[in-house]
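Written out below as structure tokens is the structure these notes cover.
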Amino acid sequence: MSEVQLFDSRIEITCSVPGFRRAGISHPGGPTEYKAGHFTLEQVKQMRSEPRLAVRVLDKAEAKQVPVSDSTDTSSEEPPQSSPEPETEGVLDDEKLAGDLMSGDELADLVAHISELDSKDAELWMTNGAPKTSAMPSGTSADERDAAWAAYQSLVAESAESQEAEE
1 MSEVQLFDSR IEITCSVPGF RRAGISHPGG PTEYKAGHFT LEQVKQMRSE PRLAVRVLDK
61 AEAKQVPVSD STDTSSEEPP QSSPEPETEG VLDDEKLAGD LMSGDELADL VAHISELDSK
121 DAELWMTNGA PKTSAMPSGT SADERDAAWA AYQSLVAESA ESQEAEE
């Protein structure tokens with residue numbers, strides 16, 4: 001037996017290539033919701049780095065250690081039923097996953113970098129409004145950029161809420 005770290009959050013996975021296999025299962029084409037603990041932290045990291053998969057965390061997580069047999073095979077597992085509308089989605093959920101990839105100071109540095117980018121320079125921004133990885137400091141991964149962007153958006157939303165509360 002060995003210890004593995006389960007990702008203790010519900011996640012939604014959308015696959016651009018129906019039947020594509022990753023993390024021991026064949027992913028259907030539409031969005032599919034998975035219960036907390038269905039995947040390990042390593043599997044979630046692997047799927048997030050896969051361009052054919054869009055992984056969205058649906059609720060906050062705390063990874064937990066559980067004993068798992070080394071011979072555990074999830075390749076025959078059927079995916080759970082698709083869920084067209086998730087109940088909730090937290091703004092900072094991607095930060096939890098990225099927190100396993102970088103320290104809080106590194107995340108804060110990336111958030112500060114985003115705040116200093118020229119919002120009018122189209123070369124720095126993707127069509128979805130997020131900064132391009134090339135606009136980030138050298139060595140920043142797409143996952144780190146995404147986590148910093150989620151944190152930045154959260155800070156902007158909190159700032160807007162506090163300004164509204166003051167009025």
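The sequence shown begins at 1 in full-length UniProt numbering and counts up one residue at a time. All residues carry an ideal CB built from backbone N, CA and C; glycine is no exception. All figures in this text were calculated on a predicted structure; none of them were measured in a lab.
Which residues bound the alpha helix (DSSP H) around residue i?
{"i": "residue 54", "result": "Not the alpha helix (DSSP H): residue 54 falls in the beta strand (DSSP E), residues 53–57."}
{"i": "residue 158", "result": "142–166"}
Going by DSSP, name the residue or residues bridged to residue i.
{"i": "residue 22", "result": "25"}
{"i": "residue 11", "result": "34, 57"}
{"i": "residue 137", "result": "Residue 137 is not bridged to any residue."}
Checking 7 Å against the spacing of the C-beta atoms, do residue i and residue j come in under that value?
{"i": "residue 52", "j": "residue 26", "result": "no"}
{"i": "residue 12", "j": "residue 28", "result": "no"}
{"i": "residue 127", "j": "residue 145", "result": "no"}
{"i": "residue 41", "j": "residue 7", "result": "yes"}
{"i": "residue 117", "j": "residue 135", "result": "yes"}
{"i": "residue 39", "j": "residue 54", "result": "no"}
{"i": "residue 45", "j": "residue 10", "result": "no"}
{"i": "residue 143", "j": "residue 21", "result": "no"}
Please list the terminal residues of the continuous beta strand (DSSP E) segment that includes residue i.
{"i": "residue 42", "result": "Unbroken run through residue 42 is the alpha helix (DSSP H), 41–48; no beta strand (DSSP E)."}
Any chance the segment 148–157 sits against the segment 110–123, with 3 or more Cβ pairs inside 8 Å? Using a Cβ-Cβ distance cut-off of 8 Å, the segment 148–157 and the segment 110–123 are in contact, since at least three pairs of beta carbons, one from each stretch, lie closer than that value.
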